[in-house]
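Here's the structure, in structure tokens; my notes come after.
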Amino acid sequence: MSAEPEESVVQQGREGASGAGDERGPRLEEQRGGAGAPDNFQRLWTPHRMAYIKGENKPTGAGSGDGCPFCEIPGMSDEDGLVVARGGSVFAVLNLYPYNSGHLMVVPYRHVADYTDLDEAEYLELAVFTQRALAALRKASGAQGFNVGMNLGLVAGAGIAAHLHQHVVPRWGGDTNFMPVVGHTKVLPQLLRDTRQLLADAWPAS
Ligand SMILES: [Zn+2]
Numbered sequence: 557m558s559a560e561p562e563e564s565v566v567q568q569g570r571e572g573a574s575g576a577g578d579e580r581g582p583r584l585e586e587q588r589g590g591a592g593a594p595d596n597f598q599r600l601w602t603p604h605r606m607a608y609i610k611g612e613n614k615p616t617g618a619g620s621g622d623g624c625p626f627c628e629i630p631g632m633s634d635e636d637g638l639v640v641a642r643g644g645s646v647f648a649v650l651n652l653y654p655y656n657s658g659h660l661m662v663v664p665y666r667h668v669a670d671y672t673d674l675d676e677a678e679y680l681e682l683a684v685f686t687q688r689a690l691a692a693l694r695k696a697s698g699a700q701g702f703n704v705g706m707n708l709g710l711v712a713g714a715g716i717a718a719h720l721h722q723h724v725v726p727r728w729g730g731d732t733n734f735m736p737v738v739g740h741t742k743v744l745p746q747l748l749r750d751t752r753q754l755l756a757d758a759w760p761a762s
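Position 179 of the sequence shown, counted from 1, bears residue number 735 in my numbering, the numbering being contiguous throughout.
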């Protein structure tokens, strides 16, 4: 895994973020440290080059061959695809545009849009992987709560509606602060690759 960090600070989320001042920036790099340390989740997110980051990662159509990222990710290495765990029918992957640090998604390999489209092996393993995601996030990050669920359909807010995915978003007391509220900027405390490694290490054995 190429670990050359490109330490330009990126503002995550909506554009127009300008009111947050200049506290972002220099303090990031010196805090780069050992994976697994308790303060790992206190760094600003400073993404570096990853094969996975290119453009919007949005499909051009509803088919699996239309650039659906959830169809492409399983063909990548764990590091490039940010895959945390792979099962027989589903996989767990970090969200590139996380709502919070450690935001995981559990995704069937098969390109299906609706929960009722899942066969038995898929929905059973989706449930098992959701449990393991919770366990891994608790172990790796001490998450105090979670938002778990899926948005089915564009009108429900699904970013990639054609390929179902279950969100598992860890929460901590105080994880909403002035940055998203005032600055319209979501500051993410950790490199996604480091997060992926932490969660992969914390993932329960089957
Ligand atoms: Zn797909």
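Don't be surprised by glycine CBs; every beta carbon is placed ideally from N, CA and C.
Which stretch, first to last residue, makes up the alpha helix (DSSP H) that contains ALA718?
-> Note, ALA718: premise wrong, no alpha helix (DSSP H); not H, not E.
In or out: GLY589 buried (at least 16 other Cβ within 10 Å) or exposed?
-> For GLY589, the pLDDT reaches just 37, beneath the cut-off of 50, and the residue's location in the model is therefore unreliable, leaving the point undetermined.
Reference ALA691; option with closest CA among THR616, VAL640, HIS719 and VAL646 | VAL640
Give the straight-line distance between the Cα atoms of ASP636 and GLY729, rounded to the nearest whole angstrom.
-> 31 Å
Are the CB atoms of ALA714 and ALA689 nearer to each other than 9 Å?
-> no
Just jot down, in chain order, the residues whose CB lies closer than 6 Å to any heavy atom of ligand 1.
-> SER620, CYS624, PHE626, CYS627, HIS667 and HIS719
Compare the beta carbon distance of GLY623 and PRO615 with 9 Å and say whether it is the shorter of the two.
-> yes
Using beta-carbon positions only, say whether ALA758 and ALA683 come within less than 9 Å of one another.
-> no
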